[in-house]
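What the sequence shown shows, in the working numbering, is residues -6 to 556, in sequence order. This report refers to the structure that appears directly beneath it.
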Amino acid sequence: MRTNRRAFLKTTAGASAAWAASAALAPVSRVFCAHMMPAGGYPLRLPPDFTSDTLTAASVTAELWPGFLTSVYALNGSVPGPTIRVKRGERLAKRVVNNLTEPLVLHWHGILAPARMDGNPRNAVAAGAHYDVDFAVTQRAGTYWYHAHTDRLTAKQAYLGVAGFFIVEDPAEAALGLPSGEFDVPLLIQDRRSTADHKLVYEPMMDDLVLGFLGDAVLVNGTPDAVLSVQRALYRFRLLNGSNARVFKIGLGNGASFKLIANDAGVLASPVQVSSFFLAPGQRAEVLINFADFPHGSTVELTSLPFAGDLTMMSTQGRELTLMRFVGQHTGTGGTAPATLVPFSAYDPMQAKRTRQFIIMMPEGGHGGGHGGGMDMTTDTINGLLYEMHRTDFTVPFDGLEIWEFQNHAEHMHPMHVHGALFQVVSRSSSPALPPEDTGWKDTVLVFPHETVRVLVKFDAHDGAFVLHCHNLEHEDGGMMLNFDVTTTPPPPGPSLHVQRMGHQLHITWPANDPSYVLEMSPGIGHEAQWTPVSQMREAMGDQFMVMLDADLPRMFLRLARR
């Protein structure tokens, strides 16, 4: 069943030619279809492998819909960009050339790169300039990716094509005997908006900046109405949601189940049988689908199933979509999924040194403002802050385990992405158990409206400046992003609290020499700790901050915590 990649590329040469010419399929039967759809389609394209020392971004004219030309941002002439493949322990030593007419920096999403090469917006280079990256790829095998990460231009640049796969391989995964060669297929799924003559447009209106830019068509590897002919065999599909804002609920049109084997950062401990799962922007998942009993000539759709998404009537999040189709061939030798994969070592929440809350909410007065140009509307904030490129919002100790709690007080879904580390999801307030897509190692987690998600994170790869942000790219560009420093230097001791009872009030004061400290309260400490920010506003009283609380409150513990 396993063929080498070179042989696979030869067999898909006709499909790849669709980059430049129309290649309509003959009509196919709908034996396994969940609902009616057009009989035509275009062969799924496969991005080329990256074999150069230079990755060049440039504005070009391409043919995404056969017979129609549109302007895109290509990487080495390809949309999506070429697939980077490395083995664990190898170095990525490349030059990034910006031939666009605007600044650019690339983020290696999920890759534990040094801070200065991670793709911080601070490190963008001007039009016509270039920069070099050179670092060892140290994390486990998995399906990662790269994309534009330029301040206030991320959404536009990624939408127009600055994105591609970054696949890491290692011996532990190779020993599993998973499908390979032509049976290992990357699928970059993106919704896009086009004109009547199939030109891509990125002209966000007010609602788009609030909700995210949602498309009316789906492209897979840059292919509209994509169709893949499949043998009667076991396939491994690497799914990447490269949309700006669209959340997918992945399933098959006939309702059949399949096996989820990997999430953001590599394989799980064992395959999980599923019939659907959520895939938010920035997230990846790998599935095994067995077509051994799939009749020749029949079709089945890869779909996004309907679901309740944003709590607003304006949004089309959650609508049912056909992503692509599989068409059965008469050849194939079947295949069997392994019963176990790679063992998973879970963090112990009891070992967490602290808990940080990140509160997502609409700024006072609703949507409006901005953060220094670019987007003229802003979205929900994190801890009341909008992104400022050169401000440091909080500091994290190197190699210290922490609980990060994302509290979504807003009406929209928010996929929260952390740079510089991988994390493990601990809990969701909306569910007593974690869904399969939350298991294993993650770098992006979807937080539904009015939901709280807790994750365990440890920054043990690199120190330096990183960012945390929403991966709804319009939200990110609108300022829903924070800077933080991972430091090996212990922080100086914090200010001390002074508590004084004044009648029926408690006056809590502390020195006003560091405004990043906030007052938190909890009904207990240790394993009973539930630290939450005190809702009462602090007041500046000379060189002191003061908060007044009701002295008759139940017993509470108080502390100062740096945000």
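For glycine and all other residues, C-beta sits at the position ideal for the given N, C-alpha and C.
- DSSP places Ala165 in no beta strand (DSSP E) but in the uninterrupted alpha helix (DSSP H) bounded by Pro164 to Ala167.
- Taking all protein chains in view, the Cβ of Pro197 is crowded by 16 or more other Cβ atoms within 10 Å, so the residue is classified as buried.
- When the beta-carbon positions are compared, Ile160 and Thr76 come within less than 9 Å of each other.
- Runs of the alpha helix (DSSP H) lying entirely within the segment 224 to 269, each at least 4 residues long, are absent.
- Counting C-beta pairs with one atom in each stretch, the segment 292 to 311 and the segment 236 to 254 have three or more that are closer than 8 Å, which means they touch.
- Assignment of Pro526 by DSSP, reduced to helix, strand and coil, places it in the strand class.
- By a beta-carbon distance limit of 8 Å, Gly393 does not contact Phe459. Their separation comes to about 14 Å.
- Between the beta-carbon of Asn283 and that of Lys435 there is about 26 Å, and that puts the pair past the 8 Å contact cut.
- A check of alpha carbon separations from Ala505 across Ile518, Asp453, Gln276 and Val540 identifies Val540 as the nearest.
- Closest in C-alpha terms to Leu232, from the list Ala273, Glu381, Ala108 and Gln310, comes Ala273.
- For Gln150, the enclosing alpha helix (DSSP H) starts and ends at Thr147 to Tyr152.
- Restricting attention to beta strand (DSSP E) runs no shorter than 3 residues, the segment 425 to 509 encloses them at 437 to 440, 445 to 451, 457 to 463, 474 to 480, 491 to 495 and 498 to 504, ordered along the chain.
- Excluding residues up to 5 positions away in sequence, Gly103, Gln132, Arg133, Gly135, Tyr137, Leu415, Gly433, Trp434, Lys435 and Asp436 lie with their Cβ nearer than 8 Å to the Cβ of Ala258 in the same chain.
- Scanning Val220, Ser424 and Arg115 for the CA closest to the CA of Ser291 turns up Val220.
- Phe206 places its beta carbon 9 Å or farther from that of Tyr139.
- Apart from the 5 residues on each side of it in sequence, Gly235 sits with its Cβ closer than 6 Å to the Cβ of Ala156, Leu181 and Gln183 in its chain, given in chain order.
- Exclusion of the five residues before and after Phe550 leaves Ser515 and Ile518 as the residues of its chain whose Cβ lies within less than 6 Å of its Cβ.
- Within the DSSP bridge table, the entry for Val293 names Phe319 as partners.
- Met534 sits in a strand when the DSSP states are folded into three classes.
- In the structure shown, the three-state DSSP call for Val419 is strand.
- Here the segment 379 to 398 makes contact with the segment 445 to 452; the two share three or more CB pairs at distances below 8 Å.
- Under the criterion of beta carbons closer than 8 Å, Leu99 and Ala51 do not qualify as touching, at roughly 14 Å.
- Arg349 has its alpha-carbon roughly 36 Å from the corresponding atom of Pro179.
- Annotated three-state conformation of Leu204 is helix, per DSSP.
- Counting the other CB atoms within 10 Å of its CB gives Gln417 a total of 16 or more, which places it among the buried residues.
- Within the same chain, and ignoring the five residues on either side of Gly112 in sequence, the residues whose Cβ sits closer than 7 Å to its Cβ are Val98, Leu99, His100, Trp101 and His142.
- Of the other Cβ atoms in all chains shown, fewer than 16 fall within 10 Å of the Cβ of Pro164; this residue is therefore exposed.
- Take Ser269, set aside five residues on each side of it, and the residues of its chain with a beta-carbon closer than 8 Å to its own are Lys242, Ile243, Gly244 and Leu298, in chain order.
- With the rule of 3 Cβ pairs closer than 8 Å, the segment 209 to 218 does not count as touching the segment 119 to 129.
- Pairwise C-beta distances place the segment 50 to 68 in contact with the segment 185 to 192, as three or more of them are shorter than 8 Å.
- Our two residues, His323 and Val223, have alpha carbons roughly 9 Å apart in a direct line.
- Here Glu381 carries a coil assignment [DSSP, helix/strand/coil].
- If you compare the alpha carbons of Lys346, Val438, Asn92 and Phe319 with that of Gln400, the shortest gap goes to Val438.
- Assignment of Pro179 by DSSP, reduced to helix, strand and coil, places it in the strand class.
- Bounds of the beta strand (DSSP E) holding Ser64 are Thr63 to Leu68.
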